[in-house]
Amino acid sequence: METTGIVRRRTAERVRDALGRLVTERDVWVSTAHPDHGPHQVPLWFLWDGRAVWMCTSASSVTARNVGKEPRVRLALPDTFDVVLLQGEAECFPDQEVTGDAADAFADKFGWDPREEEGAFLYIRVTPRTVRAWRGEPELRGRVIMRDGMWLE
């Protein structure tokens, strides 16, 4: 693991950097699990609304089926050097029942509105309870930046 030149950030800096990435990034890895079939992981587009991550997937997808059975999920931004991992419980909203603000913001960000598609889609909202962030080995200590839904300082 390359650690040369890494300056350990304070918790407040990690929180600021993680929030910045949540606003600007497009993709997140979503990890779900089915009690009988085990783990499943896929990348999805996401929107950060300031409190929660919103994603959308086909209502018949493995992800949708898994969160229906087991709502605990883990999310990971795709940079392995600048790690941001979120953990929380998924809440599901059928495409015709999702709040307009969330669906409109999602459509604005991606130029795609699942509510206008032929098939049924499911919006998934994850409000993080735990967030971890680190850059390389020097930042492994203190990597928890949110605990019990509260950002640390």
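Just so you know, we're using the numbering used here here: the sequence shown kicks off at 814 and counts up by one.
Backbone N, C-alpha and C fix where the C-beta goes; we use that ideal spot for every residue, glycine too.
Since we're looking at a predicted model, the values are computed, not measured.
- When rounded, the separation of the alpha-carbon atoms in Phe859 and Phe919 is 8 Å.
- Taking C-beta separations shorter than 7 Å and ignoring five residues to either side along the sequence, the partners of Thr824 in its chain run Gly955, Ile958, Leu965, Glu966, following chain order.
- Counting of Cβ neighbours within 10 angstroms places Val820 among the exposed residues, the total staying below 16.
- Around the beta carbon of Phe934, a 10 Å sphere encloses 16 or more other beta carbons of the protein chains shown; the residue is thus reported as buried.
- Thr876 places its beta carbon less than 8 Å from that of Thr845.
- Leu898 is bridged by DSSP to Ala889, Arg945.
- Per DSSP, the continuous beta strand (DSSP E) segment holding Gly851 begins and ends at 851–861.
- CA-to-CA, the gap between Arg945 and Asp961 works out to about 12 Å.
- Leu888 has its alpha-carbon roughly 9 Å from the corresponding atom of Val939.
- Annotation: Val886 to Glu902 spans about 6 Å, alpha carbon to alpha carbon.
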